[in-house]
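Q:
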Amino acid sequence: MIKKIALSAVLLASSLFASGEVNVYSHRHYDTDKKLFKMFEDKTGIKVNVVKAKASALIKRIETEGKKSPADVLITVDAGRLYQAKKEGILQPIHSDYLIKNIPENLRDKDNEWFGVTIRSRVTAYKIGSGMKDKLSTYEDLANPKFKGQLMVRSSNSIYNQSLMAAMIAHHGKEYAIKWAKGVVSNLASSPKGDDTYQVKAIANGIGTVALVNTYYVGKMAGNNDLSQAESVKQIKIFFPKFKNGGTHINISGAAVAKYAPNKENAIKFIEFLTSKEAQKVFAQENFEYPVLKGVENTDIAKAWGTFTPDNISLNELGKYNKNAVIAFDVAGWK
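Now the structure itself:
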């Protein structure tokens with residue numbers, strides 16, 4: 000009888016805690032991710048092994064490793080990069096009723112080879128007291144000469160800018176996008192450089208008055224131990240532009256299962272966990288990203304920015320038009 004009880008206890012434990020590991024190739028570099036990986040390990044008993052590098056390097060590595068690749072999960076920012084990974088043939092369809100039910104169709108691959116785990120929005124930040132509040136409207140309008148010498152942007156190498164340009168092409172075509180980019184370049188306050196944090200600090204310090212930034216950067220700056228960042232955020236406001244025939248530009252961080260994943264079941268469990276309510280709350284509350292799961296609240300900081308209507312194009316378009324976006328930047332002289 001005692002042996003039967005002991006055996007039952009072992010079987011129960013094995014059902015609650017899966018064995019093995021999951022090998023994650025990740026482009027993300029946030030403390031929130033470390034916390035979530037630990038939460039997943041504690042919850043499932045599955046060890047999370049992480050390899051970090053830039054997205055392009057990770058994609059190339061998985062491709063080079065081929066069938067011998069230990070990669071189970073690829074995590075990266077930007078739908079365009081996930082589109083590229085799929086195009087290179089290094090991913091596989093994910094069969095998960097949970098993911099299909101809970102992740103909106105526009106935030107996942109049409110063949111379910113990748114799923115969004117967080118949302119970012121690329122918006123404009125403006126200097127308080129600059130008079131720009133009533134001048135801002137659409138993304139298209141940023142090419143208007145009224146912004147001459149006022150705009151701050153990062154370089155065309157930024158995948159965030161490339162995806163915004165890809166969305167512009169999806170809405171209006173290549174020729175319009177080139178003309179728009181030329182207009183933006185003519186309105187720059189200084190030559191493109193630095194990350195989004197730099198753009199916010201620049202307008203706070205009087206270099207230009209309007210900057211293109213991702214919302215989560217502003218959130219992380221607001222609570223940063225670097226007082227120069229926190230003080231800079233106090234001097235700016237967020238405005239959510241729209242495309243003339245759409246909504247506010249969004250992008251994602253996303254996850255995919257590698258084509259030859261040796262721990263496929265664990266990989267799917269891992270991605271399902273990242274899109275669970277408990278994980279989504281951590282993404283939203285601690286990294287200021289918007290949740291992909293409905294019913295999860297944003298931080299008070301994000302709520303203070305206001306609400307917006309996401310753009311209506313599929314995120315697959317961001318990858319589809321990436322090459323055209325890069326060409327448009329070159330033609331327009333956007334460095």
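Take 0 as the starting number for the sequence shown in numbering that gives the first Met the number 0 and just add one per residue. Built from N, CA and C at the ideal position, the CB exists for glycine as well.
#1: Per the DSSP calculation, T117 is bridged to which residue(s)?
#2: In terms of alpha-carbon separation, which member of N297, V232, K67, G172 lies closest to A201?
#3: Buried or exposed for H28, please, with buried defined as at least 16 other CB atoms from any protein chain shown within 10 angstroms of its CB.
#4: Is the region 237-252 in contact with the region 117-135, if contact means three or more CB pairs nearer than 8 Å?
#5: How should S227 be labelled, buried or exposed, when 16 other C-beta atoms within 10 angstroms of its C-beta is the threshold for buried?
#6: Just the C-alpha distance for G332 and A188, rounded to the nearest angstrom, thanks.
#7: N204: buried (16+ other C-beta within 10 angstroms of its C-beta) or exposed?
#8: Write down every uninterrupted run of the beta strand (DSSP E) in the region 187-262 whose length is 3 residues or greater and which is fully enclosed by it, in chain order.
#9: Near I1, what residues of its chain come up, given a Cβ to Cβ distance below 7 Å and the 5 sequence neighbours on each side ignored?
#10: Taking C-alpha atoms, which residue in T274, V184, E139 lies nearest to M167?
#11: Given F282, which residues of its chain have a CB within under 7 Å of its CB, disregarding the five upstream and five downstream residues?
#12: Measuring only the C-alpha atoms, how far is L141 from K109?
#13: To the nearest angstrom, how far is it from the Cα of F16 to the Cα of A255?
#14: Skipping 5 residues on each side, what residues in its chain have a beta carbon closer than 7 Å to that of I102?
#15: Alpha carbon to alpha carbon, how far is Q234 from G193? Give it in angstroms, no decimals.
#16: For the 8 Å Cβ check, are there 3 or more pairs between the region 65-75 and the region 251-268?
#17: What runs of the beta strand (DSSP E), each 3 residues or longer, lie entirely inside the region 44-113?
#18: Indicate whether I251 and V76 have their beta-carbon atoms separated by less than 9 Å.
#19: What's the gap between the Cα of K178 and the Cα of F36?
#20: Using the rule of at least 16 other Cβ atoms within 10 Å of the residue's Cβ for burial, across every protein chain shown, is I99 buried or exposed?
A: Let's see:
#1: S252, P290
#2: V232
#3: exposed
#4: yes
#5: exposed
#6: 15 Å
#7: exposed
#8: 209-213, 235-238, 249-257
#9: For I1, the pLDDT reaches just 40, beneath the cut-off of 50, and the residue's location in the model is therefore unreliable, leaving the point undetermined.
#10: E139
#11: T31, T117, E288, P290
#12: 32 Å
#13: Confidence at F16 is low in this model, with a pLDDT of 41, below 50, so its placement is unreliable and no value can be given for it.
#14: F114, G115, T274, V291
#15: 19 Å
#16: yes
#17: 46-51, 72-76
#18: yes
#19: 44 Å
#20: exposed
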